Amino acid sequence: QKEVEQNSGPLSVPEGAIASLNCTYSDRGSQSFFWYRQYSGKSPELIMFIYSNGDKEDGRFTAQLNKASQYVSLLIRDSQPSDSATYLCAATQGGKLIFGQGTELSVKP
Amino acid sequence: GAVVSQHPSWVICKSGTSVKIECRSLDFQATTMFWYRQFPKQSLMLMATSNEGSKATYEQGVEKDKFLINHASLTLSTLTVTSAHPEDSSFYICSAYHGERPYNEQFFGPGTRLTVL
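Residue numbers (the working numbering), protein chains in the order written: chain A, 557 to 665; chain B, 1168 to 1284.
Written as structure tokens, this is what we have:
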């Protein structure tokens, strides 16, 4: 059983729409959760992290955490073609980061 | 701040040779660095955790004699792929744990693409 799971996609949304990315994790001991964006051939870049239940907003991005349901999500408002990338969800586990398989997002002009 | 560099950014080598990849934290001290490998269309897989001044901790299934890790200083960790073979061709990414940042935030290097012919 995978420890962090994401829908692999691809997820396609029109420009200006809201993109919703989801992630579940199996280890209830995980305390912090991260969303990374990775462009093809590049290293992941951190978008945001969340550690408390509820919502956390940063510009066009909102992360949501529900520890009871072991669920993390990322909403991207006003999606732009430049947001087209693979989005990786990661959870801490024993000082390490465990990554999901990533969701490929395509924003169509 | 919190910049991590890797060198080289890409390397092509012949089968059977060894390749060394460097990972440096440029503006902070990193007591812990991590090495990941990523195959095409797959996620990052943690290979090992590197602690300054001590032996690296390898993940299950990663050959410690093939992937030699040395974390000799607080700003430098190296990964040596010994006797490389075509199946070792991959994207190798390091990250550094910034001890002064909360919540186990890791900063990633730009990656090294290894191609073994």
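Beta carbons: idealized from backbone N, C-alpha and C, even for Gly. Nothing here was measured: the structure is a model prediction, and the numbers come from that model.
Residues in its own chain within less than 6 Å of residue i by CB, not counting five upstream and five downstream?
i	result
residue 620 (chain A)	611 and 629
residue 606 (chain A)	589, 612, 619 and 621
residue 609 (chain A)	621 and 623
residue 1273 (chain B)	1262 and 1264
residue 1219 (chain B)	1198, 1238 and 1241
residue 581 (chain A)	560, 626 and 647
residue 1277 (chain B)	1173
To which residues of the same chain is residue i closer than 7 Å at the C-beta, ignoring the five residues directly before and after it?
i	result
residue 1255 (chain B)	1248, 1281 and 1283
residue 1178 (chain B)	1186, 1279 and 1281
residue 665 (chain A)	571 and 637
residue 596 (chain A)	none
residue 1206 (chain B)	1257
residue 1196 (chain B)	1241 and 1242
residue 1275 (chain B)	1171, 1260 and 1262
residue 1231 (chain B)	1225
Would you check if the distance between the CB atom of residue i and the CB atom of residue j is smaller than 8 Å?
i	j	result
residue 1210 (chain B)	residue 626 (chain A)	no
residue 590 (chain A)	residue 577 (chain A)	no
residue 572 (chain A)	residue 635 (chain A)	yes
residue 560 (chain A)	residue 645 (chain A)	yes
residue 567 (chain A)	residue 640 (chain A)	no
residue 1214 (chain B)	residue 1225 (chain B)	yes
residue 599 (chain A)	residue 660 (chain A)	no
Quick test of your reading: residue i and residue j, contact by CB under 8 Å. State the CB separation rounded to the nearest angstrom.
i	j	result
residue 1236 (chain B)	residue 1223 (chain B)	4 Å
residue 654 (chain A)	residue 575 (chain A)	23 Å between Cβ atoms; not a contact.
residue 1262 (chain B)	residue 1201 (chain B)	5 Å
residue 648 (chain A)	residue 587 (chain A)	6 Å
residue 1191 (chain B)	residue 1217 (chain B)	With a Cβ gap of about 12 Å, residue 1191 (chain B) and residue 1217 (chain B) do not count as contacting.
Let me check one thing: in DSSP terms, what residues is residue i bridge-paired to?
i	result
residue 621 (chain A)	A:610 and A:628
residue 574 (chain A)	In DSSP, residue 574 (chain A) forms no bridge with anything.
residue 560 (chain A)	A:581
residue 1258 (chain B)	B:1205 and B:1280
residue 1189 (chain B)	B:1174 and B:1245
residue 663 (chain A)	A:569
residue 593 (chain A)	A:601 and A:643
residue 1214 (chain B)	Partner(s): none; residue 1214 (chain B) has no beta bridge.
residue 1169 (chain B)	Beta-bridge pairing links residue 1169 (chain B) to no other residue.
residue 1251 (chain B)	The partner list for residue 1251 (chain B) (beta bridge, DSSP) is empty, contrary to what the question assumes.
residue 1263 (chain B)	B:1200 and B:1274
residue 1240 (chain B)	B:1243
residue 1224 (chain B)	B:1216
residue 649 (chain A)	A:652
residue 1234 (chain B)	B:1248
Excluding the five sequence neighbours on either side, which residues of its own chain have a C-beta within less than 8 Å of the C-beta of residue i, listed in chain order?
i	result
residue 1185 (chain B)	1247, 1248, 1249, 1250 and 1251
residue 1204 (chain B)	1211, 1212, 1214, 1257, 1258, 1259 and 1260
residue 1253 (chain B)	1182, 1283 and 1284
Quick one, which residues of the segment 1222 to 1241 of chain B are near chain A if we go by CB-CB under 7 Å, in chain order?
Among the residues of the segment 1222 to 1241 of chain B, none has a Cβ less than 7 Å away from any Cβ of chain A.
Residues of the segment 599 to 624 of chain A with Cβ closer than 7 Å to any Cβ of chain B, in chain order
Within the segment 599 to 624 of chain A, the residues whose Cβ lies closer than 7 Å to any Cβ of chain B are, in chain order, 599, 600, 605 and 607.
Scan the segment 628 to 651 of chain A for residues whose Cβ lies nearer than 7 Å to a Cβ of chain C and list them as they occur along the chain.
No chain C appears in the structure shown, which is made up of the protein chains A and B.
Just by C-beta distance, which residues in the segment 1252 to 1266 of chain B are closer than 7 Å to chain A?
Contact annotation: in the segment 1252 to 1266 of chain B, residues whose CB is within less than 7 Å of a CB in chain A are 1260.
Give, in chain order, every residue of the segment 652 to 663 of chain A whose Cβ lies closer than 7 Å to some Cβ of chain B.
Taking 7 Å as the Cβ-Cβ cut-off against chain B, the residues of the segment 652 to 663 of chain A that qualify are 652, 653, 655, 656, 657 and 658.
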